[in-house]
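Participant: There's a structure below that I have some questions on.
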Amino acid sequence: MSGFASPPHPMPTPFFDAVIIGAGAAGLFCAARAGQRGLKVLLIDHADKVAEKIRISGGGRCNFTNRELDPRAPQRHFVGQNPQFCRSALSRYTPQDFIALVQRHGIAFHEKHKGQLFADRSAEDIIAMLLAECADGRVERWQPCGVKSIAYEATERYAATPAASPHPCPLPEGEGVKPAQAIALAPLGRGRGEGQQRPEHIQVFSGSNAYTESAGSYQINTDRGPVQARSLVIATGGLSIPKIGASDFGYRLARQFKLPLVAQRPGLVPLTFDGADWAPYAQLAGLALPVEISTGAKKERMAFHEDLLFTHRGLSGPAVLQISSYWQEGAPLAINLAPGVDLSEALVQAKARSRKRIANELATLVPARLADAWASTDADWQRPINEASDKALARLAERLARWQLTPMGTEGYKKAEVTLGGVDTRALSQQTMECKSQPGLYFIGEVVDITGWLGGYNFQWAWSSAAACAQALPGE
Ligand code: FDA
């Protein structure tokens, strides 16, 4: 035996065709489809449990798509600076495609209203289906596993005209890769605001060369060690429900690659009102009723016919969640609390035949709790209806049919179902979800500035954008 120990061989950095960060709806689906194409895929997520948002979605039954989605008219059900962006992905992977997958896995489902499809048993069935699809594609998943830093290394062969780097960050030469210049990113911590951008360390290719000449690789430094990938897919979702793993990772990464972002704000979220203004209505907490709700004027006007729910702090329910994605701070809402009823005519007729109190007559037209609360706000409405003036009844009808109120704000990300805004679609290819200015970097799902209506549209965007990306990811 020789007395000399041989020098330790450095472990080669594992190489993947694609590393996908975020094992939620979009990340799992993209990983599965890319893996099934034969690509070597690593899926990384920092949360303890996989796909928590799917688990809590749709009241635990996951409203996984919507039959009424029209891929040719995405602006009908999607919000963002350019809803037309999702047309290509939605047309190539449709609700029908996802329904067929669910059926192939023998998952029973049902339609609620307005085309919304839910699993009969549990959202767990959808998660199990996605995990089985990933297993079929031999996807490797590291979870929980945080990502500490990411660097991009371009190969000499493709190095298109990088801007002069004030602080080039050379990376060791890898097999078959000759680093010409690198993009080093600041450490990416878990929490918001951590790992702030250090712009002088970042270098991004400019112009179309980098986009057309896809090359280079990503060095991803994770809690479980470094990995290298030809493509990097960001599927880290939005900011809502931080306690189950939501983070601003995707936005920070986009910023570091100098991609444009559309300002983020909570969407599909309950609205709140000033405490004193809301006091007369707080007693109605728990009351639900169908309404017509609208905001904006003329071409900007948006209206929904859905159920509204009174809460202690304000308004919720599908009507309010839907309108919240269109509501602009400081703008009023208009609510018709008795849609489809000519209140003014009904009250005049009641006056001619009844001596009951106004609240009692009103209770035949709207829920009794609402009638009582409404009538109690004006002395003219607290008397028998036959003694009320026509003017007072007209005012009451008007107040109920055109209730104008201005929210103070929203319940924020802890209650929001989605995040509006995100990576500006102008930075991405609508066919592949790849960044136009950064080869091999993709953004899918909610992190992109595309937000669906309530009713399964957000999951369909996750599936469709994931499918478009998975199809485009290059292999060997
Ligand atoms: P998603 O949020 O699903 O996944 C992102 C993943 O990235 C998470 O697993 C997270 O842990 C991980 N991640 C984040 N930061 C990371 C980091 N720094 N490092 C590593 N991993 C990181 N939609 C719908 O269509 N039908 C419905 O029924 C519902 N219901 C519903 C209920 C509730 C309560 C909420 C909050 C939301 C819904 N939604 C919904 C919306 C839907 O859940 C959402 O739009 C999709 O899950 C978005 O899919 P993504 O894959 O883009 O993000």
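Counting in this note's numbering, the sequence shown runs from 579 upward without gaps.
By construction, the Cβ of each residue, glycine as well, lies at the ideal position given by its N, Cα and C atoms.
#1: Could you tell me if the beta carbon of F593 falls within a distance shorter than 8 Å of some heavy atom in ligand 1?
#2: What's the call for Q681, buried or exposed, on a 16-neighbour Cβ count within 10 Å?
#3: Quick check for students: name the residue ranges of the beta strand (DSSP E) that lie wholly in the stretch 645-731, counting only runs of 3 or more.
#4: Considering only the alpha carbon of each residue, which of A729, S818 and G845 lies closest to Q806?
#5: Check whether the Cβ of D623 lies closer than 8 Å to any heavy atom of ligand 1, and answer yes or no.
#6: Take every Cβ of the stretch 1016-1030, pair it with every Cβ of the stretch 828-840, and state whether three or more of those distances are shorter than 8 Å.
#7: Where in the stretch 995-1039 do unbroken runs of the alpha helix (DSSP H), each at least 4 residues long, occur, reported from the N-terminal end onward?
#8: Report the residue ranges of all beta strand (DSSP E) runs contained in full by the stretch 914-987; include only those spanning at least 3 residues, in chain order.
#9: Hey, W1039 and G1033 are a contact pair by Cβ (cut 8 Å); roughly how many whole angstroms apart?
#10: Kindly indicate the opening and closing residues of the beta strand (DSSP E) around S795.
#11: Name the residue from D623, R802 and R670 whose alpha carbon lies nearest to the alpha carbon of T591.
#12: Roughly how many angstroms separate the alpha carbons of D698 and W1041, rounded to a whole number?
#13: Mapping DSSP to helix, strand and coil, what is D885?
#14: I need the boundaries of the beta strand (DSSP E) containing V840, first residue and last residue.
#15: Does the beta-carbon distance from A713 to L1051 come in below 9 Å?
#16: Three or more beta-carbon pairs under 8 Å between the stretch 886-895 and the stretch 861-873, yes or no?
#17: Can you tell me which of Q982, E976, T955 and Q927 puts its alpha carbon nearest to the alpha carbon of N964?
#18: Can a CB atom of chain B be found closer than 9 Å to the CB of L978?
#19: Taking only the alpha-carbon atoms, compute the straight-line gap between Q781 and V811 and give it to the nearest angstrom.
#20: If you draw a straight line from the C-alpha of A762 to the C-alpha of F593, how long is it?
#21: Skipping 5 residues on each side, what residues in its chain have a beta carbon closer than 6 Å to that of F676?
#22: Measure the beta-carbon distance from V840 to A994 and round it to whole angstroms, keeping in mind my assumption that it falls under 8 Å.
#23: Are the CB atoms of Q1016 and A1046 nearer to each other than 9 Å?
#24: Could you compute how far the alpha carbon of N938 sits from the alpha carbon of A603?
#25: Note down the Cα distance separating P896 from S795, rounded to an integer number of angstroms.
#26: Would you check whether ligand 1 has a heavy atom nearer than 8 Å to the C-beta of F827?
#27: Quick one: is G754 buried, meaning 16 or more other Cβ sit within 10 Å of its Cβ, or exposed?
#28: Note down the Cα distance separating G1018 from A909, rounded to an integer number of angstroms.
#29: Starting from the Cα of P649, find the closest Cα among R665, N641, V657 and M1011 and give me that residue.
#30: What are the boundary residues of the beta strand (DSSP E) that D595 is part of?
#31: Please classify S894: does DSSP put it in a helix, a strand, or coil?
#32: Going straight from the alpha carbon of A970 to that of L978, what length do you get?
#33: In angstroms with no decimal places, state the Cα-to-Cα distance between E1012 and G874.
#34: By a C-beta neighbour count over all protein chains shown, 10 Å radius and 16 as the cutoff for buried, is P673 buried or exposed?
#35: Rounding to the nearest angstrom, what Cα-Cα distance links F783 and H587 in this structure?
#36: Report buried or exposed for S967, applying the criterion of at least 16 other Cβ atoms within 10 angstroms of its Cβ.
Facilitator: Reading off the structure:
#1: Outside the cutoff, so no.
#2: So Q681 ends up on the exposed side.
#3: Secondary structure within the stretch 645-731: the beta strand (DSSP E) runs of 3 or more consecutive residues, fully enclosed, are 687-689, 694-697 and 718-720 (chain order).
#4: Taking only the C-alpha atoms, the option nearest Q806 is A729.
#5: D623: yes, Cβ under 8 Å from ligand 1.
#6: For the pair of segments examined, the stretch 1016-1030 was found to touch the stretch 828-840: the number of CB pairs separated by less than 8 Å reaches three.
#7: The alpha helix (DSSP H) runs of length 4 or more contained entirely in the stretch 995-1039 do not exist; there are none.
#8: Complete beta strand (DSSP E) runs here, min 3: 981-983.
#9: The C-beta distance from W1039 to G1033 rounds to 12 Å, too long to meet the 8 Å contact threshold.
#10: That run of the beta strand (DSSP E) goes S795 to T800.
#11: It is R802 whose Cα lies nearest to the Cα of T591.
#12: Going by the C-alpha atoms only, they are around 20 Å apart.
#13: In this structure, D885 counts as strand in the three-state DSSP scheme.
#14: Unbroken beta strand (DSSP E) run through V840: L839 to G845.
#15: No. Outside cutoff.
#16: With a cut-off of 8 Å, the stretch 861-873 and the stretch 886-895 count as touching, because enough Cβ pairs lie within range.
#17: Of the candidates Q982, E976, T955 and Q927, Q927 places its Cα closest to the Cα of N964.
#18: Protein chain content of the structure displayed is limited to a single chain, and chain B is not contained in it.
#19: Model confidence at Q781 stands at a pLDDT of 33, short of 50, so the residue's coordinates are unreliable and nothing is read from them.
#20: Per-residue confidence for A762 stands at a pLDDT of 48, beneath the threshold of 50, marking its modelled position as unreliable; the derived number appears in the next sentence. Put simply, the backbone Cα of A762 is about 18 Å away from that of F593.
#21: T643 and W1041.
#22: With a Cβ gap of about 16 Å, V840 and A994 do not count as contacting.
#23: No Cβ-Cβ contact shorter than 9 Å links Q1016 with A1046.
#24: C-alpha separation (whole angstroms): 49 Å.
#25: Taking the straight line joining both Cα atoms gives about 44 Å.
#26: Yes.
#27: For G754, the predicted model reports a pLDDT of 27, less than 50, meaning its position is unreliable; a value from the coordinates is still stated below. The residue is exposed, with fewer than 16 neighbouring Cβ atoms inside 10 Å.
#28: Whole-angstrom Cα-Cα distance: 41 Å.
#29: Of R665, N641, V657 and M1011, the residue nearest in Cα terms is R665.
#30: Annotation for D595: the continuous beta strand (DSSP E) segment containing it runs F593 to I599.
#31: S894: strand per DSSP, three-state reduction.
#32: If you take the alpha carbons of A970 and L978, they lie about 13 Å apart.
#33: Per the coordinates, the alpha-carbon of E1012 lies some 34 Å from the alpha-carbon of G874.
#34: Taking all protein chains in view, the Cβ of P673 is crowded by 16 or more other Cβ atoms within 10 Å, so the residue is classified as buried.
#35: Confidence in F783 is poor, its pLDDT being 34 and thus under 50, which makes the residue's placement unreliable; the coordinate value appears in the next sentence. Those two C-alpha atoms are separated by around 34 Å.
#36: Residue environment for S967: exposed (fewer than 16 other C-beta atoms within 10 angstroms of its C-beta).
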